[in-house]
Every structure is written in structure tokens, then in C-alpha cells.
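Undergrad: Please see the structure below; I have some questions.
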Amino acid sequence: MATQADDESMLSGEMDDAAKDVTMVIESDNSFSGNNAVLERMVCDATIAVNKDSDPMTMTITYDSASCSAARLRSGVIVVSMAKGTEWKNAGATVMVTYHDLKITRTNDKKSVLINGSHIYTNVSGKLLYQLPISGPIVHTILSSNMSISFDNGTARTWNVSKKHTFTYDGGIVLSVSGMHTEGNVTDIAAWGMNRFNNSFTTVISTPVVVKQTCNFRITGGVVVHTTTAYTATVTFGLDATGAVTGCPGEGHYYYHLNCTTKKGESLSIVLPY
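Oh and the sequence shown: position 189 is 192 in our numbering, straight run, nothing missing.
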């Protein structure tokens, strides 16, 4: 139970962080953003290569395993592809984001995952992040039906993703992540597919997952529910080591509370760092 919940929490957080990198990189170049008031590139553990002459134009983010975060190391490549003539600032603009062997290694326990596949990002609302303090919310969607996830036990699975990213401003960028997919009477699904044990799962974001620039773009809150045929696991973010809601811990750990219940009535409750 704990393994699947930890897998999804780790992957979801890392893909949301990669999405933040992609957005920052797009908005750092006026050929992609469509605006001269560009953001500074804030990806400290990567180099960026831009090809404006090809169609589609590309931006290649190569992660170099630099220790920018106390929590994890990243290696591998993300390629952002945008058709010539597209400007990210416009409502409805889309880009293809392709992961090539993006490996995430968590430093506290050396757990790793390898991500391949592609996402479609859409700027639903239009506008750019530098406009947030005066322009109100900005909404992006992220969709994928072919993410290949390889776990450190040698298994590989396919995951689907359907998320909405809503950006607001409160002394810095605030990102709220919610699920958009519906299956039957289950709504707010953000991810679904097969877990490392080859069991089907769905992940519902019941309370939006919040990431704040003022806390170094870390997850500061939110509730996620993982469901399989065997159990339901609820993960609550933004806690201290006692399981109480807390403010930003600086360079220290946040914690999440994992509460699992099996179909047989067994239960598990544990507080873990992230």
C-alpha cells in the first residue's frame, strides 16, 4: 500500500516540477512566448539548447545531476516542441513535451524512477506568468496517454495523466494542481494506469495540490486519494513530523500523512518525509 502511494506522490510531484521548468523555459525565450518581457530561466540543474530554425521549434532541457535540491537529483532530457507561428501567450496555444530517460533519484533513500513519453500542454487562459501580479489566474492543462514509468525494481508501466494547473500570485507564483479526468462517477482523476505490481489504479486529487515559489517551489498542501482493487490510500501534504499542518520548513523536510485501508478492513497510518 505504502509503496504505490509513495510511487505516485513522488512521480506526480516530479512531473509537476518538470512542468514548472518547461513553463519557465518557454517564457524565457520570446520566439516561444511571443512576448519580449520574458522570465529569467530558473532551472539550476539543467542546460537549455534552443533551435528556432526548425519547424517545430525546439527547446532541449538537459538535466545534469547537479545538487540543486536537498531532496533529489535529476538526469535525462526533456524536449519542448512548438510549431512555428505559435505564441505561448495566446489562449489555446499548445506544445509537445517529450521525456527522454528523465531519471529522478531521491537522496534520502536512493529510490529512483525513470520517465519516458510525451505530454500535451495547453495554455487555456492565455497570458504569461510574468503578468500574474496584475492579470489574475492563468490556467494550463497537461494531458498524456503514453507515459512509460520504470521503477527501481525493474518493472515498467504505462500511466495516463489529466491535470489542470492554475497559477495565481501571492508574494510569488502559487500553483494549484487538480485532476480533470472522469471514469463513471469518479471525478477529479489526475492519473490512472498500472502500478509497479501490475494492478490498475486511479489517483484523485480531492483537495488541490499547492506549490509555492515562496517555499522554493515545494508542495505545501493538498490531499490525494489513490485507489486500487485492493485498497484506498489517502495522502495529505504540507505537514510536520507530528502530522500537523505547518508552514514552509526552509531546507528541512515537509511530511505527508499516509492513511491506507484495504478491502479486508486492514489499515495503515504513517507520517513520512518528502
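C-beta: ideal position from N, C-alpha, C; glycine also.
1. With a threshold of 9 Å between beta carbons, is F154 in contact with chain C?
2. Between which two residues does the alpha helix (DSSP H) containing F200 stretch?
3. May I ask which residues mark the beginning and end of the alpha helix (DSSP H) holding M85?
4. Taking 9 Å as the threshold (C-beta atoms), are V180 and T171 in contact?
5. Let's see if you can read the secondary structure: which residues bound the alpha helix (DSSP H) around V25?
6. With contact counted as at least three CB pairs below 8 Å, one residue from each stretch, are the segment 90–110 and the segment 246–257 in contact?
7. By the three-class DSSP mapping on this structure, what secondary structure does C47 have?
8. Could you spell out where the alpha helix (DSSP H) holding S36 opens and where it closes?
9. Go to L178, then tell me how far its beta strand (DSSP E) extends in each direction, as first and last residue.
10. Look up L132 in the DSSP assignment and say whether it is helix, strand or coil.
11. Which residues bound the beta strand (DSSP E) around Y102?
12. Taking the alpha-carbon positions, what's the L135 to F154 distance?
13. What three-state label does DSSP hand S151 in the structure shown?
14. Use the C-beta contact count for T61: other C-beta atoms within 10 angstroms, 16 or more gives buried, fewer gives exposed.
15. With respect to the beta strand (DSSP E) encompassing H122, which residues constitute its N-terminal and C-terminal limits?
16. Nearest-angstrom Cα distance between G246 and V238?
17. Throw me the rounded Cβ distance for the K215 and A193 pair, which I believe falls under 8 Å.
18. According to DSSP, is T249 part of a helix, a strand, or is it coil?
19. Considering only DSSP beta bridges, list what N163 is partnered with.
20. Which of the three DSSP states is assigned to S138 in this structure?
21. DSSP three-state label for T158, please.
22. Within this structure, are the beta carbons of Y177 and V213 separated by less than 9 Å?
23. Can you tell me which of N202, N188, G174 and G187 puts its alpha carbon nearest to the alpha carbon of N219?
24. Just the C-alpha distance for I118 and T63, rounded to the nearest angstrom, thanks.
25. Looking at S181 and the ligand ZN, is the gap between the Cβ and the nearest heavy atom below 8 Å?
TA: Straight from the coordinates:
1. You won't find chain C in this structure, because it holds only one protein chain.
2. Translated into the one-based positions of the sequence shown, residue 200 becomes position 197. Run containing F200: none; DSSP gives neither H nor E here.
3. Mapped onto the sequence shown, residue 85 falls at position 82. Run containing M85: none in the alpha helix (DSSP H); it sits in the beta strand (DSSP E), R75 to M85.
4. Here residue 171 refers to the residue found at position 168 of the sequence shown. Here residue 180 refers to the residue found at position 177 of the sequence shown. For T171 and V180, no; Cβs fall outside 9 Å.
5. Counting from one through the sequence shown, the residue named residue 25 turns up at place 22. Unbroken alpha helix (DSSP H) run through V25: A5 to E30.
6. no
7. By one-based count along the sequence shown, residue 47 stands at place 44. Residue state, collapsed to three classes: coil.
8. For the purposes of this step, residue 36 is taken as the residue at position 33 of the sequence shown. Per DSSP, S36 belongs to the alpha helix (DSSP H) from N33 to S36.
9. Within the sequence shown, numbered from 1, the residue matching residue 178 stands at position 175. Where L178 is concerned, the enclosing beta strand (DSSP E) stretches over I176 to G182.
10. Your numbering for residue 132 matches position 129 in the sequence shown. It is helical.
11. For the purposes of this step, residue 102 is taken as residue 99 along the sequence shown, with counting starting at 1. Per DSSP, Y102 belongs to the beta strand (DSSP E) from A96 to R109.
12. For this step, residue 135 is matched to residue 132 along the sequence shown. For this step, residue 154 is matched to residue 151 along the sequence shown. For L135 and F154, the distance between alpha carbons rounds to 37 Å.
13. Against the sequence shown, residue 151 aligns to sequence position 148. In this structure, S151 counts as strand in the three-state DSSP scheme.
14. Against the sequence shown, residue 61 aligns to sequence position 58. So T61 ends up on the buried side.
15. As a position in the sequence shown, residue 122 is number 119, starting the count at 1. Start and end: S115 to N126.
16. Position 243 of the sequence shown holds residue 246. Position 235 of the sequence shown holds residue 238. Looking at the two C-alpha atoms, the distance is approximately 11 Å.
17. Mapped onto the sequence shown, residue 215 falls at position 212. Mapped onto the sequence shown, residue 193 falls at position 190. Rounded, the Cβ-Cβ distance is 19 Å, inconsistent with contact.
18. Within the sequence shown, residue 249 is the residue found at index 246, counting from 1. Residue state, collapsed to three classes: coil.
19. As a first step, residue 163 is located in the sequence shown; it is residue number 160 there, counting from the start. The partner list for N163 (beta bridge, DSSP) reads W195.
20. As a first step, residue 138 is located in the sequence shown; it is residue number 135 there, counting from the start. Helix at S138.
21. Residue numbering aside, residue 158 sits at position 155 when the sequence shown is read from its first letter. Of the three classes helix, strand and coil, the one that applies to T158 here is coil, per DSSP.
22. For the purposes of this step, residue 177 is identified with residue 174 of the sequence shown, where counting begins at 1. For the purposes of this step, residue 213 is identified with residue 210 of the sequence shown, where counting begins at 1. It should be noted that the sequence gives Val, not Tyr, for residue 177. Closer than 9 Å, so yes.
23. Locating residue 219 in the sequence shown gives position 216, where the first residue counts as 1. Ranking the options by Cα distance to N219, first place goes to G174.
24. Taking the sequence shown and counting its residues from 1, the one referred to as residue 118 is at position 115. Taking the sequence shown and counting its residues from 1, the one referred to as residue 63 is at position 60. The straight-line gap from Cα to Cα measures roughly 16 Å.
25. The model depicted lacks the ligand ZN and carries no ligand whatsoever.
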